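The next block holds one structure in the form of C-alpha cells; read it before the comments.
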Amino acid sequence: AGRGYTGHEELPWFNLINMNGRLYDPLVARFLSPDNYVQAPDFTQNFNRYTYCLNNPLKYTDPSGEIFVIDDILIAAAIGAIINVTFQGLSGNINSTGDFLKYAGIGALAGAAGGFAGQAVAGVVGTIGFAGGAMTGAVGGFAGGFIGGAGNAWAGCVTFGEGLEKGLIGGIFGAVTGGLIGGVSGGITAVKHGGNFLSGKGATFDDLAANISGDEIEIGEGMEYTNKYAQTFSDENFGKNVAGVNDLYADGTLPPGYSTRGDVVLNANGQSVRGATMYLGTGKGSNVYLFRAAFTSKEQLYFTMGHEYLHAGYFSTGLMNTKSQHASIYKWEAYQAKAWGFNEAYYAHRYVLYKPYYDSAYDYSKLGFYILSIKPW
Numbered sequence: 003a004g005r006g007y008t009g010h011e012e013l014p015w016f017n018l019i020n021m022n023g024r025l026y027d028p029l030v031a032r033f034l035s036p037d038n039y040v041q042a043p044d045f046t047q048n049f050n051r052y053t054y055c056l057n058n059p060l061k062y063t064d065p066s067g068e069i070f071v072i073d074d075i076l077i078a079a080a081i082g083a084i085i086n087v088t089f090q091g092l093s094g095n096i097n098s099t100g101d102f103l104k105y106a107g108i109g110a111l112a113g114a115a116g117g118f119a120g121q122a123v124a125g126v127v128g129t130i131g132f133a134g135g136a137m138t139g140a141v142g143g144f145a146g147g148f149i150g151g152a153g154n155a156w157a158g159c160v161t162f163g164e165g166l167e168k169g170l171i172g173g174i175f176g177a178v179t180g181g182l183i184g185g186v187s188g189g190i191t192a193v194k195h196g197g198n199f200l201s202g203k204g205a206t207f208d209d210l211a212a213n214i215s216g217d218e219i220e221i222g223e224g225m226e227y228t229n230k231y232a233q234t235f236s237d238e239n240f241g242k243n244v245a246g247v248n249d250l251y252a253d254g255t256l257p258p259g260y261s262t263r264g265d266v267v268l269n270a271n272g273q274s275v276r277g278a279t280m281y282l283g284t285g286k287g288s289n290v291y292l293f294r295a296a297f298t299s300k301e302q303l304y305f306t307m308g309h310e311y312l313h314a315g316y317f318s319t320g321l322m323n324t325k326s327q328h329a330s331i332y333k334w335e336a337y338q339a340k341a342w343g344f345n346e347a348y349y350a351h352r353y354v355l356y357k358p359y360y361d362s363a364y365d366y367s368k369l370g371f372y373i374l375s376i377k378p379w
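Its first residue numbered 3, the sequence shown is counted upward by one per residue in the working numbering.
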C-alpha cells in the first residue's frame, strides 16, 4: 500500500484510505464513522462530521489523525482505576475478580469525572497563576473525590446517606489537595515566564528567531508593519475572533521586559524574537505582539501569527504545559513548512527537539488548525 495526496495509507484492496483514527471512502468522499468533536462550531462545514478537513481536502490536510478530547478523559479514567484498585487492595477490600472490577470501575469513573470537570473549569479561568490553577484543581479534585468516596462507600454496602457523607468528605479532601497542587503549579508557571504568582497576569511566551542576522530587517514585498495590515491578514487567514486573543499589536509595542536592538526585538534573555503572547490573567485571555522579524514574507507572518495564536488558544483552554504547547506548535509548523516548501530544515529541527514532549491533548487541530496544501494568497 502506498501513500496518497494527504499522506495517509491507501488500502486499494478495499478502495479505502486508512486515516489513522478512521477509515475514509474516497469514492463518496466520506468517513465510515463520524468525528466525535466539532472543532469549529462557527463554520457550517464542520457540522458534517463524516467529511475530511472541513470538506475541502484541496486546501487542508490532517496527516496526524490524532483523537480528540475524549483521550484525555480516558487517560484520567485509567489513572483513577489504577489508584483506586491499589488503595483498596492495600486496605484488604479486594478478595475476588468481582471486587477488582468493581473498584476499578469506581476509580475510572472518579478519574474521568475529575478530569472532565477540571478541563471544563480550565477552559473558563485558565491555569496560569495560583488563582486559576487552584480553581481548576479544586473543582477537579472535588468531582473525583466525591464520586470515589461515595462509590467506594456504597460498594462496601453502606446506606445511601452514609455514602453521600463519605462522598462529601472525599470531595472536600480532593478539593483542598487539588486546589493547593494546582495553585502552586500555576503560580510557578507564571513566575517562570515573568508573570504574577497569584493572578498569572503578565506571563509571556514568544517565538524565537534564531536565524536573524544584523540589526536591520526588511519588510516583505507588498507588506506593511502596521496594526491594520496585521489585523487584515489575521482575519483573512485565521478568521475573526481567534480563540483566547484579546488585542493584536504590530506597531512596535513591546511586552514588559522586552527591548530592541535596531529593528530586532529581544526578550528578557537577550534572544531575538518574531512574536510574543502575554497571558492577561485568569479568564482574561491574552495579547499577541508581532515584531518586524515576522513581516519578512507572508509565509513567515503566517507561521509567526499561527505560533502565537496557538499559545493563546492553549491558555484559553487551560493547557499550560509550555513544552507540550511548543511540541504541538512545532509539529504544526514542521508539517506546514513541508507542505509549502518553506524553511523546512529549520522548522523540522525545532520539532525534533520538542517531539518527546508531544501530548495528543495539545493537538493543534483541536484549535481549528490544519495543514494548508495551497497558500491562501
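Ideal Cβ positions, reconstructed from N, Cα and C, are used throughout, including at glycine.
Here the structure is a predicted model, which means the values were calculated and not measured.
DSSP-derived helix/strand/coil call for residue i
i: E12; result: strand
i: A31; result: coil
i: I69; result: In this prediction, I69 scores a pLDDT of 43, lower than 50, which makes its location untrustworthy; the coordinate-derived value is nonetheless stated afterwards. Looking at I69 - three-state DSSP - the assignment turns out to be coil, as it is neither helix nor strand.
i: Y231; result: helix
i: L303; result: helix
i: G37; result: Just to set this straight, residue 37 is Asp in the shown sequence, not Gly. Of the three classes helix, strand and coil, the one that applies to D37 here is coil, per DSSP.
i: S93; result: coil
i: L200; result: coil
i: I183; result: helix
i: V244; result: coil
i: V193; result: helix
i: S362; result: helix
i: N289; result: strand
i: Y349; result: helix
i: I376; result: coil
i: D253; result: coil
i: Y356; result: helix
i: L25; result: strand
i: G125; result: Legend: pLDDT at G125 = 49, less than 50; position of this residue unreliable, value from coordinates given subsequently. Looking at G125 - three-state DSSP - the assignment turns out to be helix.
First through last residue of the alpha helix (DSSP H) which encompasses residue i
i: R263; result: Unbroken run through R263 is the beta strand (DSSP E), 261-263; no alpha helix (DSSP H).
i: N154; result: 132-157
i: T324; result: 324-342
Boundaries of the beta strand (DSSP E) in which residue i is found, first to last residue
i: T206; result: 206-210
i: T2; result: This structure cannot speak to residue 2, because the chain is shown only from 3 to 379.
i: L18; result: 18-20
i: S367; result: Unbroken run through S367: none, as it is neither H nor E.
i: V160; result: Counting along the chain, V160 falls outside any beta strand (DSSP E), and DSSP gives it neither H nor E.
i: L268; result: 266-268
Within 8 Å, strictly: CB atoms of residue i and residue j
i: A270; j: A252; result: no
i: G181; j: G143; result: yes
i: Y304; j: N229; result: no
i: T306; j: D237; result: no
i: T206; j: A295; result: no
i: L312; j: F371; result: yes
i: I183; j: G131; result: no
i: A114; j: A78; result: yes
Reference residue i, options the options, closest by Cα
i: G189; options: G202, G196, A177; result: G202
i: P14; options: D208, G139, D27; result: D27
i: S169; options: G222, S375, G151, R24; result: In the sequence as presented, Ser is not what sits at residue 169; that position holds Gly. Answer by Cα proximity: G151.
i: I174; options: T234, F148, N248; result: F148
i: D217; options: G254, T262, S187; result: T262
i: Q327; options: Y366, T234, K340; result: Y366
i: G177; options: Y348, L282, P258, G120; result: Strictly speaking, residue 177 in this sequence is Ala, with Gly absent from that position. The candidate whose alpha carbon is nearest that of A177 is G120.
i: C159; options: H195, A140, N95, I214; result: N95
Which residues DSSP lists as bridging residue i, in chain order
i: Y311; result: None, per the DSSP bridge assignment.
i: Y54; result: Answer is none; Y54 lacks a bridge partner.
i: Y105; result: Y105 is not bridged to any residue.
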